[in-house]
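Q: Got a structure for you, written out below as structure tokens; questions coming shortly.
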Amino acid sequence: KNQVEQSPQSLIILEGKNCTLQCNYTVSPFSNLRWYKQDTGRGPVSLTIMTFSENTKSNGRYTATLDADTKQSSLHITASQLSDSASYICVVSALNTDKLIFGTGTRLQVFP
Amino acid sequence: DAGITQSPRHKVTETGTPVTLRCHQTENHRYMYWYRQDPGHGLRLIHYSYGVKDTDKGEVSDGYSVSRSKTEDFLLTLESATSSQTSVYFCAISDRGAGVAEQYFGPGTRLTVT
Chain A
-11 KNQVEQSPQS LIILEGKNCT LQCNYTVSPF SNLRWYKQDT GRGPVSLTIM
39 TFSENTKSNG RYTATLDADT KQSSLHITAS QLSDSASYIC VVSALNTDKL
89 IFGTGTRLQV FP
Chain B
94 DAGITQSPRH KVTETGTPVT LRCHQTENHR YMYWYRQDPG HGLRLIHYSY
144 GVKDTDKGEV SDGYSVSRSK TEDFLLTLES ATSSQTSVYF CAISDRGAGV
194 AEQYFGPGTR LTVT
């Protein structure tokens, strides 16, 4: 069964600190993996999309890594800001399909 | 929100009543999607459209119907709302199939069925 699991479910960090969020998937055959940021009360917004040939992709202070062999991805946030408080959702697409498999997200809270 | 609006943004309705949610886009994207988001679940696809009058079911389509008579509008109808349909509903668009293209989400509609 195609699944996407994220950890931790929630995370609290202090402003300025770094953090890493994890995503494991069992989707096969793999096409691409995306990370979305969802602020409270808003729709998800894309941070990165990676295909199997990409193992690192950055978007400002956000860096995503992908290990297609172990089917794991991580999202690293550098020098966190209060505005990083949000849910981060890992999404995987299987090859030759128009449907996405969503993880349940990691809720990040950044405190001053 | 990438030229996507959803209406209404909030709605409270009673069990058994019909409800229609509207998604409107100004991007001229071919594909449109309806998802629901519930605590403990990832976003789940209800229905999607790959062109005017071309729609297909997603993983949680029971109790929902959709229509797309124009490129810019995608309607989601709950024929007879039930409490289990209390959720936040998101519309999304993409210019190609979701498997390969960026998907842009609307602001969501919070629906409460009492």
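Just so you know, the sequences run in chain order A and B. The opening position of the first sequence corresponds to residue -11 in the numbering used here, with each subsequent residue numbered one higher. The opening position of the second sequence corresponds to residue 94 in the numbering used here, with each subsequent residue numbered one higher. Positions of the beta carbon are idealized from the N, C-alpha and C atoms, including for glycine.
When the Cβ atoms of the segment 95 to 113 of chain B are set against those of the segment 44 to 58 of chain A, are three or more pairs found closer than 8 Å?
A: Touching, no, given that fewer than three Cβ pairs across the two stretches are closer than 8 Å.
Q: Could you tell me the distance, in whole angstroms, from the CA atom of F18(A) to the CA atom of N(-10)(A)?
A: Here the question's residue 18(A) lines up with position 30 in the first sequence. Here the question's residue -10(A) lines up with position 2 in the first sequence. Taking the straight line from one Cα to the other gives about 10 Å.
Q: Report the three-state DSSP secondary structure of L70(A) (helix, strand or coil).
A: Within the first sequence, numbered from 1, the residue matching residue 70(A) stands at position 82. Reduced to three states, the DSSP call for L70(A) is helix.
Q: I'd like to know if A174(B) contacts chain A, where contact means its C-beta is closer than 8 Å to some C-beta of that chain.
A: Within the second sequence, the letter at position 81 stands for residue 174(B). By this cut-off, A174(B) is not an interface position.
Q: T92(A) versus chain B: which residues are under 8 Å apart at the beta carbon?
A: Along the first sequence, read from residue 1 onward, the residue named residue 92(A) stands at position 104. The contacting residues are G133, H134, G135.
Q: My output table needs one value for Q178(B): the three-state DSSP class, helix, strand or coil.
A: To locate residue 178(B), count along the second sequence from 1; it is residue 85. Looking at Q178(B) - three-state DSSP - the assignment turns out to be helix.
Q: Once the 5 residues before and after V105(B) are set aside, which same chain residues still bring their CB inside 6 Å of it?
A: Taking the second sequence and counting its residues from 1, the one referred to as residue 105(B) is at position 12. T205, listed in sequence order.
Q: For chain A, is any of its Cβ atoms less than 8 Å away from the one on E165(B)?
A: Along the second sequence, read from residue 1 onward, the residue named residue 165(B) stands at position 72. Cβ-Cβ to chain A under 8 Å: no for E165(B).
Q: Taking 8 Å as the CB-CB limit, is G31(A) close to chain B?
A: Translated into positions along the first sequence, residue 31(A) becomes position 43. Cβ-Cβ to chain B under 8 Å: yes for G31(A).
Q: Any contact of the segment 196 to 205 of chain B with the segment 27 to 34 of chain A, i.e. 3+ C-beta pairs under 8 Å?
A: Taking 8 Å as the limit for Cβ pairs, the verdict is that the segment 27 to 34 of chain A does touch the segment 196 to 205 of chain B.
Q: Does the CB of P111(B) have a neighbour CB from chain A at under 8 Å?
A: For the purposes of this step, residue 111(B) is taken as the residue at position 18 of the second sequence. So, not an interface residue.
Q: Using CA atoms only, rank isn't needed, just tell me which of S(-5)(A), E42(A), E(-7)(A), F90(A) is closest to S81(A).
A: As a first step, residue 81(A) is located in the first sequence; it is residue number 93 there, counting from the start. Out of S(-5)(A), E42(A), E(-7)(A), F90(A), F90(A) has the C-alpha closest to the C-alpha of S81(A).
Q: Just reading off the beta strand (DSSP E) that F115(A) is part of, what are its end residues?
A: Outside the displayed range of chain A (-11 to 100) lies residue 115(A), so it cannot be described from this structure.
Q: Taking the straight line between their C-alpha atoms, what separation do you get for C184(B) and I97(B)?
A: On the second sequence, position 91 is the one that residue 184(B) refers to. On the second sequence, position 4 is the one that residue 97(B) refers to. Cα to Cα, C184(B) sits roughly 8 Å from I97(B).
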